[in-house]
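See below for the structure under consideration.
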Amino acid sequence: MASKSEFMNSTIGAGSSFEGKFYISGSLRIDGKFEGEIKTDDELVVGVTGKVKTDIIAKSVVIAGTVIGNIRAEEEVKLLETGKVLGDIMAPSISIQKGVVAHGSIIITGGHKKDPKKVIEDAYAGSSSSSKSDN
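To convert a position in the sequence shown, counted from 1, into this note's numbering, add 1399.
Okay, structure coming up:
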């Protein structure tokens, strides 16, 4: 699984368990078990053996393991074929590979700062030429 970050700032290794608050400047990879709070200004990777029970806030998120909790990313969320998510996902871009198991809402913001529901309603209410200029 290729990561945007050449170097992972922190890792919770396979067989390890961590419970609590994890606020990190830099990237984080979880191959063990984590319960609590996670917030990073960089990439969060949940590896195939990773099990996470928390709400995630990160720049980008890659899920190959199991996540119970909501995911919010500034840039993108990638759900790899072994990924399992129970929770809502919100990001400008979301990719989902065949084999993923997920239950929850998915909100794709497309990079808009406005509420995605409002963007869609405005596009529907306006003419086709005005909806193109809103992007």
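Glycine is no exception: its CB is placed at the ideal position from the N, C-alpha and C atoms.
Straight-line Cα distance separating V1445 from I1411: Answer to the nearest angstrom: the Cα atoms are 10 Å apart.
Neighbourhood of A1430 by C-beta distance below 6 Å, restricted to the same chain and skipping five residues each side: A small correction: the amino acid at residue 1430 is Asp; Ala does not occupy that position in the sequence shown. Exclusion of the five residues before and after D1430 leaves G1412, A1413, G1446, T1448 and G1449 as the residues of its chain whose Cβ lies within less than 6 Å of its Cβ.
Alpha-carbon spacing of I1462 relative to G1510, whole angstroms: Whole-angstrom Cα-Cα distance: 21 Å.
Spatial distance of Y1523 from K1517 (CA atoms): About 10 Å.
Contact set for G1464: own chain, Cβ-Cβ below 8 Å, skip 5 residues either direction: Around G1464: I1429, D1430, V1445, G1446, V1447, T1448, G1449, K1450, V1451, T1481, G1482 and K1483.
Nearest residue (CA-CA) to G1434, options I1495, D1441, T1453 and Q1496: The sequence given here places Glu at residue 1434; Gly does not occur at that position. Of the candidates I1495, D1441, T1453 and Q1496, the residue whose Cα lies closest to the Cα of E1434 is T1453.
Exposed unless 16 or more other CB atoms sit within 10 angstroms - verdict on G1525: Flag for G1525 reads exposed.
Inter-residue Cα distance where the pair is I1506 and K1420: Cα to Cα, the separation comes out at about 26 Å.
Extent of the continuous alpha helix (DSSP H) to which E1520 belongs: Secondary structure note for E1520: its alpha helix (DSSP H) is the uninterrupted segment P1515 to A1524.
Sheet register partners of S1459 (DSSP bridge): Note: S1459 sits in a beta bridge opposite E1442 and E1475.
Span of the beta strand (DSSP E) around T1465: Segment T1465 to I1467, the beta strand (DSSP E) holding T1465.
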